[in-house]
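In the working numbering, the protein residues as written are 3 to 614. Below is one structure, written out as structure tokens; the observations come after it.
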């Protein structure tokens with residue numbers, strides 16, 4: 003590689019170093035020259051989405067499935083604003099998406115030219131980046147970088163990319179048209195990029211921006227200091243000692259796994275800890291699928307009062323709970339009803355560690371967790387602390403999968419559906435659920451080993467799952483052809499149905515199960531059971547694939563409409579259906595006003611909280 007290369011080529015090489023193969027977005031005149039570099043590269047694939055919002059959703063799903071960096075490219079103004087809802091979800095749920103915005107040239111911006119996609123107001127060229135600022139952990143505004151230093155553009159880009167990878171949050175890059183071909187030093191490519199599991203601490207504590215550099219904007223901690231000390235080995239050792247002492251005294255230890263365990267790449271460390279120490283483990287809704295749910299030590303999915311009774315009773319009776327990567331949102335915690343006593347809890351966060359009532363902000367999940375296994379293993383027979391463990395494993399704390407219908411001619415109801423679907427899932431499946439009946443229906447049902455479970459519990463933007471399924475399917479193909487299975491309600495599907503066409507165009511097989519229950523069931527459960535605002539126009543879903551797939555599809559597709567348990571059971575037992583070689587849309591006709599028990603309970607908790 004020459005000493006100096008175009009900035010666009012530098013960006014391409016950096017994205018490949020981060021493991022990216024698919025790039026999402028919509029072309030626009032301010033980003034077309036950048037897209038030329040993606041199109042000519044033998045590794046990167048420009049996916050091309052129906053709209054920018056769907057592209058952001060797809061990037062979200064891609065980053066959750068690989069896991070790692072995802073890239074979204076939009077155009078200035080109209081394109082970037084369309085994507086912001088999806089970017090906000092990535093911020094809320096800790097998803098590293100790099101948002102690159104093609105912008106007008108620096109000369110046009112300097113001259114305040116009245117260009118298309120501007121607001122027809124003075125000084126509006128930075129208006130959109132300011133809108134994105136609260137939704138970004140860092141920004142590289144290349145129109146404000148001094149061009150005389152030949153590495154300045156690449157340095158600013160790298161700062162934003164590193165922040166994105168380190169913090170597992172979105173970052174924003176403004177790329178003016180004339181900067182695309184600016185020459186930068188290729189030496190920066192020799193500097194390794196951080197990985198989530200090895201990134202430095204304090205990713206939540208954002209420092210003031212330096213002139214000409216990426217600008218951290220999501221200030222979570224207020225401080226007058228301009229730096230923080232590195233994690234203290236002495237403090238880390240002290241914290242590990244305290245945690246080990248708590249564990250040694252415990253008679254009923256447990257581990258609770260939450261979302262940030264996956265986001266920061268420590269899932270394998272938690273798995274080693276529970277297996278080698280024989281500790282019972284549980285997951286939250288946002289932590290579902292991080293560990294093997296068919297493991298004999300798995301106790302179930304815990305969401306406070308919205309848990310199965312045996313799960314709630316067992317976990318809350320524990321006298322030591324290692325809570326890994328907590329993200330205690332309302333739906334993830336049963337409307338804040340987590341019943342783990344603080345004095346029994348150790349909470350490992352991505353920026354601090356809490357041991358009982360004490361906080362240790364100079365150490366974090368990535369420094370403490372690797373030291374716990376050797377410390378715990380020095381304690382004699384830790385598994386013997388759970389004398390009743392074998393009996394509890396026999397009894398089970400989760401709903402067992404079904405392999406046949408309750409009634410062959412009966413309606414497809416939630417009480418049967420999710421246990422039956424769990425019997426059809428395979429190891430390594432990627433399973434996506436929309437916010438609503440599907441996300442609550444699968445929570446208490448154990449998934450097969452090494453499944454990836456993708457859902458948007460915190461942000462909860464309806465329609466998100468269809469775009470996310472595209473990103474998941476592409477990532478699954480890159481990882482060796484894992485099956486991709488989406489469950490989405492008929493109402494949510496209408497928001498982002500266009501991306502079904504992109505799935506067909508990109509030739510990635512996927513199963514699209516659409517729950518046709520005549521409207522927004524989750525909203526009806528919360529409020530307005532018979533209100534017309536929770537009704538939708540009924541689509542002829544059997545026409546969706548022929549319409550969106552077109553006459554020259556890149557992959558075969560087929561549609562099914564099933565109305566009884568027997569029909570669905572027969573379909574699931576068909577070996578040809580189980581082979582992931584097509585795009586399949588399966589319309590599940592379900593009765594209106596039927597819902598999973600978890601959704602009914604959560605709706606009651608939410609309605610109560612909303613009324614206070």
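Quick reminder that beta carbons are idealized off the backbone N, C-alpha and C, glycines included. Note that this is a predicted model, so its numbers are computed, not measured.
For residue 532, the three-state DSSP class (helix, strand or coil):
Residue 532 falls in the coil class under three-state DSSP.
Taking the beta strand (DSSP E) that residue 178 falls in, what are its first and last residues?
First-last of the beta strand (DSSP E) with residue 178: 173-178.
Given residue 459 as reference, the closest of 290, 533 and 483 once Cα atoms are compared
Nearest option by C-alpha distance: 290.
Is the separation between the beta-carbon of residue 141 and that of residue 162 shorter than 9 angstroms?
Yes, Cβ-Cβ distance for residue 141 and residue 162 is below 9 angstroms.
Would you please state the rounded distance, in angstroms, between the beta carbons of residue 443 and residue 598? I believe it to be under 8 angstroms.
Their Cβ separation, rounded to whole angstroms, is 4 angstroms, which keeps residue 443 and residue 598 in contact under 8 angstroms.
Would you tell me roughly how many angstroms separate the C-alpha atoms of residue 203 and residue 608, rounded to the nearest one?
Since pLDDT at residue 203 reaches only 35, below the 50 mark, its modelled position is unreliable, and no value is offered.
Complete alpha helix (DSSP H) runs within the stretch 417-455 (minimum length 4 residues, chain order)
Whole alpha helix (DSSP H) segments, 4+ residues: 439-443.
Helix, strand or coil at residue 467 according to DSSP, with G and I counted as helix
In the structure shown, residue 467 falls within a helical segment according to DSSP collapsed to helix, strand and coil.
With 16 as the cutoff for other CB atoms within 10 Å, does residue 95 come out buried or exposed?
Taking all protein chains in view, the Cβ of residue 95 is crowded by 16 or more other Cβ atoms within 10 Å, so the residue is classified as buried.
For residue 356, write down the residues that DSSP places opposite it in a beta bridge.
DSSP, once it has assigned bridges, lists 349 and 361 as partnering residue 356.
Which of helix, strand or coil DSSP assigns to residue 105
Here residue 105 carries a strand assignment [DSSP, helix/strand/coil].
Would you mind reading off the limits of the beta strand (DSSP E) that contains residue 134?
First-last for residue 134: 129-134, but that is the alpha helix (DSSP H), not the beta strand (DSSP E).
Pick helix, strand or coil for residue 548, following the three-state DSSP scheme.
Three-state DSSP puts residue 548 in a helix.
Can you list the beta strand (DSSP E) stretches of 3 or more residues lying completely in the stretch 536-610, in chain order?
Runs of the beta strand (DSSP E) spanning 3 or more residues and lying entirely within the stretch 536-610 occur at 559-564 and 585-591, in chain order.
Once DSSP output is grouped into helix, strand and coil, what is the label at residue 123?
Residue 123: coil per DSSP, three-state reduction.
Just tell me which of 281, 462, 431 and 91 has its CA closest to the CA of residue 483.
Cα-wise, what sits closest to residue 483 is 431.
Start and end of the beta strand (DSSP E) containing residue 263?
Here residue 263 belongs to no beta strand (DSSP E); instead the alpha helix (DSSP H) covers 261-265.
So if DSSP puts residue 8 in a beta bridge, which residue, or which two residues, is it bridged to?
According to DSSP, residue 8 shares a beta bridge with 185.
Hey, how far is the Cα of residue 197 from the Cα of residue 157?
Rounded to whole angstroms, the separation of the alpha carbons of residue 157 and residue 197 is 18 angstroms.
Within its chain, find whatever has a CB closer than 8 angstroms to the CB of residue 122; leave out the 5 residues flanking it on each side and keep chain order.
Same-chain partners within the cutoff: 116.
The stretch 471-485 contacting the stretch 10-17, beta-carbon criterion three pairs below 8 angstroms:
Judged by Cβ distances under 8 angstroms, the stretch 471-485 makes no contact with the stretch 10-17, as fewer than three pairs qualify.
Just to confirm before moving on: does the CB-CB distance between residue 90 and residue 76 stay below 9 angstroms?
Not a contact, by the Cβ cut-off of 9 angstroms.
Spatial distance of residue 78 from residue 463 (CA atoms):
Spanning the alpha carbons of residue 78 and residue 463 requires a straight line of approximately 23 angstroms.
Using the rule of at least 16 other Cβ atoms within 10 Å of the residue's Cβ for burial, across every protein chain shown, is residue 493 buried or exposed?
Burial call: buried.
Could you tell me how far apart the beta carbons of residue 524 and residue 438 are, in whole angstroms, since I believe they sit closer than 8 angstroms?
The Cβ separation is near 4 angstroms, so the contact holds.
What residue does the alpha helix (DSSP H) around residue 159 start on, and which one ends it?
Per DSSP, residue 159 belongs to the alpha helix (DSSP H) from 154-169.
How many angstroms separate the CA atom of residue 201 from the CA atom of residue 410?
Low local confidence applies: a pLDDT of 39 at residue 201 is under 50, so the model's placement there is unreliable, with the coordinate-based value given in what follows. Rounded to the nearest angstrom, the two C-alpha atoms are 53 angstroms apart.
Can you name the start and end residues of the beta strand (DSSP E) that residue 24 belongs to?
Note, residue 24: beta strand (DSSP E), 24-27.
Quick one: Cα of residue 363 to Cα of residue 260, how far?
When rounded, the distance between both Cα atoms is 19 angstroms.
Only counting the same chain, and skipping five residues up and downstream in sequence, which positions put a Cβ closer than 6 angstroms to that of residue 33?
Answer for residue 33: 75, 77 and 104, listed in chain order.
Own chain, CB closer than 7 angstroms to residue 584, minus 5 neighbours either side, in chain order
Counting only Cβ-Cβ distances below 7 angstroms, and skipping sequence neighbours, we find 511, 557, 558, 559 and 560.
Apart from the five residues on each side of it in sequence, which residues of its chain come closer than 6 angstroms, Cβ to Cβ, to residue 120?
Once the five neighbours on either side are set aside, the close Cβ partners of residue 120 are 126.
Could you pull the start and end residues of the beta strand (DSSP E) that residue 143 belongs to?
141-143 is the extent of the beta strand (DSSP E) around residue 143.
If you draw a straight line from the alpha carbon of residue 587 to that of residue 515, how long is it in whole angstroms?
Here the alpha carbons of residue 515 and residue 587 stand approximately 6 angstroms from one another.
Hey, does residue 118 have any beta-carbon neighbour from chain C nearer than 9 angstroms?
You won't find chain C in this structure, because it holds only one protein chain.
Nearest residue (CA-CA) to residue 446, options 295, 542, 365 and 522
Between residue 446 and the set 295, 542, 365 and 522, the nearest pair of CA atoms involves 295.
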